[in-house]
Amino acid sequence: MAGGVLKNKKIIIGIIGAVIIGIAIVGTILFLSAYKIVHFVTVIHNNYIADKLVPLIVERYVATYPETVDKKVALKYGIVQQAEAADVT
């Protein structure tokens, strides 16, 4: 009887260990997938923001408040007319 209980405990411990290892493996795979998806979305998001939105926002801001914008900032976003208008360095 005692031998059977010991064997059952080993089986239960083995099952629990296998479940923990399985959860760790699945968790790692999900984490890496999520990381790749987030990285992909972040790259697209950053490229979109850097290429489209930021120059537009800077251009509108510079057009509205040319005296407050540094010439280097305007030149960085390729807004040459406003950079010349905001010749405050």
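Going by my numbering, the sequence shown wraps up at 513, each residue one higher than the last.
Backbone N, C-alpha and C fix where the C-beta goes; we use that ideal spot for every residue, glycine too.
None of these values were measured; they are calculated from a predicted model.
Alpha-carbon spacing of residue i relative to residue j, whole angstroms
i, j, result
"residue 477", "residue 487", "15 angstroms"
"residue 432", "residue 449", "25 angstroms"
"residue 444", "residue 489", "60 angstroms"
"residue 524", "residue 479", "With the chain running from 425 to 513 in the structure shown, residue 524 is simply not present."
"residue 463", "residue 452", "16 angstroms"
"residue 438", "residue 458", "30 angstroms"
Helix, strand or coil at residue i according to DSSP, with G and I counted as helix
i, result
"residue 489", "coil"
Residue burial classification, residue i (beta-carbon count within 10 angstroms, cutoff 16)
i, result
"residue 513", "Interpretation of residue 513 is limited by its pLDDT of 47, a score under 50 that renders its predicted location unreliable; no figure is taken from the coordinates."
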